[in-house]
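Under our numbering, the first residue of the sequence shown is numbered 25, with each subsequent residue one higher.
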Amino acid sequence: MARDVRVLPALPEPSGVLAKAALGMLKKPGEVSSLPDRSYLVLEHWVEVSRLAAYCAETGFALRDAMPATWLHVLTFPLQMEAMAADDFPFPLAGLVHVTNEMMLHRRVTVDEPLRILVRAENLQPHAKGATFDMVGEIHAADELVWRGVSVYLASGAKVAGEAPSPVRLHAPSVAPSQEWRLGADQGRRYAAVSGDSNPIHLNPLTARLFGFPRPIIHGMWTHARAVAALGGGLPEAYTVRVQFAKPILLPGKVRFAAARDEAGWRFAVVNREGKPHLVGELT
């Protein structure tokens, strides 16, 4: 755990964190040598079943006592935002790109368990396009680590000393897509309402164009959740799921889902009509 632990009484409201982050939009990271050695901690959080139900309805999961791993990521997101909006965080929040995500669900986690949620930033690395860092989330129930997630973000244009590590690529399954998903123009606003992620690139054409997109794009974590939900209800009670995000999905739009199962688990992908990936993942 980091030396500096900030204990919060509850998960922060994302709107307040976004306002704080807006003040840091003019940060010019230049060369960065370290990240703040700080964790953000909420000692007890009880899940709102109504919010979980809305999330499941939006992403395709069946509502059950055991919560999806991707929902547990959503619970860490306000603390991720709090960490990245801090005055001494070296990168502006606007413009960060979520490039990969890994989650380890150690056992089923039910809605009636109080959760301890902790987030920290670590693993600053050089990258061919700038710098990357990890946002690490950990969730405990009854002093047991039940979920751990690592979101890797890219800060374009930043500089970190050293040689960029070679990327490890996941491979899409060699099967034809089995599903087609239609995403409405309001899909980003709907997911923002249930997840708390109100990044303006997802909300409307005007704010998306301000950040270089011709139309709004759907959240990568919506695509991630929808893909895991599409694998069906037979997932193991403990698993690791890894995804790499590729080409953004413009709204409105249509995408296709492909998945294949082998002795190790699942490989899956979300692709456009030409077969180019938006997301590639594996679940083991």
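C-beta: ideal position from N, C-alpha, C; glycine also.
Extent of the continuous beta strand (DSSP E) run through residue i
i, result
"PRO224", "That residue, PRO224, is in no beta strand (DSSP E); it is neither H nor E in DSSP."
"GLU306", "301-307"
"GLY154", "154-165"
"SER175", "168-180"
"LEU207", "203-207"
Residue i (DSSP reduced to helix, strand or coil)
i, result
"GLY289", "strand"
"ARG27", "coil"
"THR100", "helix"
"LEU42", "helix"
"ARG213", "helix"
"LYS183", "strand"
"VAL143", "strand"
"HIS130", "coil"
"GLU298", "coil"
"PRO150", "strand"
"GLU55", "strand"
"LEU32", "strand"
Limits of the alpha helix (DSSP H) - the one that residue i falls within
i, result
"LEU194", "No alpha helix (DSSP H) holds LEU194; DSSP gives it neither H nor E."
Residue i burial status per 10 Å Cβ neighbour count (16 or more: buried)
i, result
"GLN104", "buried"
"THR308", "exposed"
"PRO114", "buried"
"LEU230", "exposed"
"VAL31", "exposed"
"SER175", "buried"
"LEU234", "exposed"
"GLN203", "exposed"
"THR134", "exposed"
"GLU287", "exposed"
"ALA179", "buried"
"VAL199", "exposed"
If you scan the region 59-124 from start to end, which runs of the beta strand (DSSP E) of 3 or more residues do you find wholly inside it?
62-69
Within the region 216-296, ranges of the alpha helix (DSSP H) (whole runs, at least 4 residues):
229-234 and 244-254
Are there three or more Cβ pairs, one per stretch, closer than 8 Å when the region 160-174 is compared with the region 298-307?
no
Does the count of Cβ pairs from the region 247-261 and the region 185-197 closer than 8 Å reach three?
no
Evaluate the contact criterion for the region 240-255 versus the region 212-221: three or more CB pairs, one atom per stretch, below 8 Å.
yes
Hey, is the region 62-82 in contact with the region 25-41, meaning 3+ C-beta pairs nearer than 8 Å?
yes
Looking at C-beta atoms only, is the number of pairs between the region 196-215 and the region 265-279 that lie closer than 8 Å three or more?
yes
Given 8 Å, three or more beta-carbon pairs between the region 86-106 and the region 136-154:
yes
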